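K.L.:
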Amino acid sequence: MNKLGGMVAVLGVSMVIWGDRAWGWGLLLGGGVLAGGAGGIGGLLIIAGLGTLARDDIRSGLVMILAGLSLLLAHLLVLWQRRWRRVPVGLLNKAPSRKTAAHAELSIAYVDAEGQRSWRRISVHSVTPLGARDMRLRAFCHHLGRERSFRLSRIEEMIDLETDQPVANPMGFLKARMAAGLTKEEAPASRPPEGSTLPVSLPGQMAGLADLLVSYAAPGESPSWRHISLLGAEPSGWRDLSLQAYCHDDGQVRTFSVARIKEMIDLETDAVIRNKFTFVRDRIPDISCGGHPGSEGATRADASPR
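For the sequence shown, position 182 (counting from the first letter as 1) is numbered 163 according to my numbering, and the numbering increases by one without interruption.
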């Protein structure tokens, strides 16, 4: 029993170490099955350890309790990453795709929406101007293990990892990359599905909208997480909105019903959007007027309100 408890203890400690995001986060805990199994086995080991202590076998009981606690800690780390930080487990290990190759490797001191400052390593895929004094960087964040957007105005320090030198003028540095044609976002053009009345637009041409992570339930399918860039929207009846968005998972411009979106995360702030309709209308004020489903009088996203 001592050998078995010791082996389980070593396994639990190893899972905690590999769970650290600095070592890749999720090599052993990337799936919900392993996370749930770690929690269940950890609980059973603690119960068995308490029973062993009751039989006056203190050494074996402590070993089993220690092993159970280590597994439970690994389980809680996954829950914290998935629930409290609102990151879906399936996306923890999502690596940059080949079609979005990194054009700059940076280390940045970033201030999030809650005012917390932290250093992050990012691989920049594209840069989109946001007015005269700001930019939006689409980058793979090695700290979170997934792709997200960053506002240049929230970056307090920047280091170019290719030269290990601080970047004194981040906007000038990124503009130089843009001028060289290295940061131009080239999403494949495609036609929207039948029923979509909005013109096709690319994410880089509609910079002021939103970069979102949505849990979407298509008709006859279970909800799945999708990374989308909002391009436009129009009313679909009195209680729904039809979103036109570029889906990064399949490289297509598609339409999404807001009513079928179970969860929505703003990748610019990592915040969960509670009121999806209000969030979309704030981004596109011209869709405030409604229309009946399928009617020709429905207001277009690029039309003026009546």
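The beta carbon of each residue, even a glycine, is placed where N, CA and C say it ideally should be.
On a predicted model such as this, the values are computed, not experimentally measured, just so you know.
When you compare only the Cα positions, how much space is there between residue 96 and residue 124?
P.N.:
Your numbering for residue 96 matches position 115 in the sequence shown. Your numbering for residue 124 matches position 143 in the sequence shown. Cα to Cα, the separation comes out at about 17 Å.
K.L.:
Does the Cβ-Cβ distance between residue 133 and residue 118 come in under 9 Å?
P.N.:
Locating residue 133 in the sequence shown gives position 152, where the first residue counts as 1. Locating residue 118 in the sequence shown gives position 137, where the first residue counts as 1. Yes. Within cutoff.
K.L.:
Tell me which residue opens and which closes the beta strand (DSSP E) that residue 263 is part of.
P.N.:
Walking along the sequence shown from the start, residue 263 turns up at place 282. From DSSP, residue 263 is part of no beta strand (DSSP E) but of the alpha helix (DSSP H) over 257 to 264.
K.L.:
Report the residue from 138, 212, 50 and 230 whose alpha carbon sits nearest the alpha carbon of residue 101.
P.N.:
Start at 1 with the first residue of the sequence shown, and residue 101 comes out as number 120. It is 138 whose Cα lies nearest to the Cα of residue 101.
K.L.:
Quickly, what does DSSP pair residue 233 with across the bridge? List them, please.
P.N.:
Position 252 of the sequence shown holds residue 233. Answer by DSSP bridge pairing, in chain order: 228.
K.L.:
How is residue 223 classed by DSSP in three states: helix, strand or coil?
P.N.:
By one-based count along the sequence shown, residue 223 stands at place 242. Here residue 223 sits in strand by DSSP.
K.L.:
Near residue 211, which residues of its chain fall below 7 Å by C-beta distance, leaving aside the five closest residues on each side in sequence?
P.N.:
The count along the sequence shown starts at 1 and reaches residue 211 at position 230. Taken in chain order, the residues that qualify are 190, 191, 193, 224, 226 and 264.
K.L.:
If you draw a straight line from the C-alpha of residue 255 to the C-alpha of residue 236, how long is it?
P.N.:
Within the sequence shown, residue 255 is the residue found at index 274, counting from 1. Within the sequence shown, residue 236 is the residue found at index 255, counting from 1. Cα to Cα, the separation comes out at about 21 Å.
K.L.:
Near residue 135, what residues of its chain come up, given a Cβ to Cβ distance below 8 Å and the 5 sequence neighbours on each side ignored?
P.N.:
Locating residue 135 in the sequence shown gives position 154, where the first residue counts as 1. Correct list, in chain order: 91, 92 and 93.
K.L.:
Helix, strand or coil: which one does DSSP assign to residue 208?
P.N.:
Here residue 208 refers to the residue found at position 227 of the sequence shown. Of the three classes helix, strand and coil, the one that applies to residue 208 here is strand, per DSSP.
K.L.:
With DSSP run on the structure shown, which of helix, strand or coil describes residue 106?
P.N.:
For the purposes of this step, residue 106 is taken as the residue at position 125 of the sequence shown. Residue 106 falls in the strand class under three-state DSSP.
K.L.:
Which residues mark the beginning and the end of the beta strand (DSSP E) in which residue 195 is found?
P.N.:
The residue labelled residue 195 in the question sits at position 214 within the sequence shown. Boundaries of the beta strand (DSSP E) around residue 195: 191 to 197.
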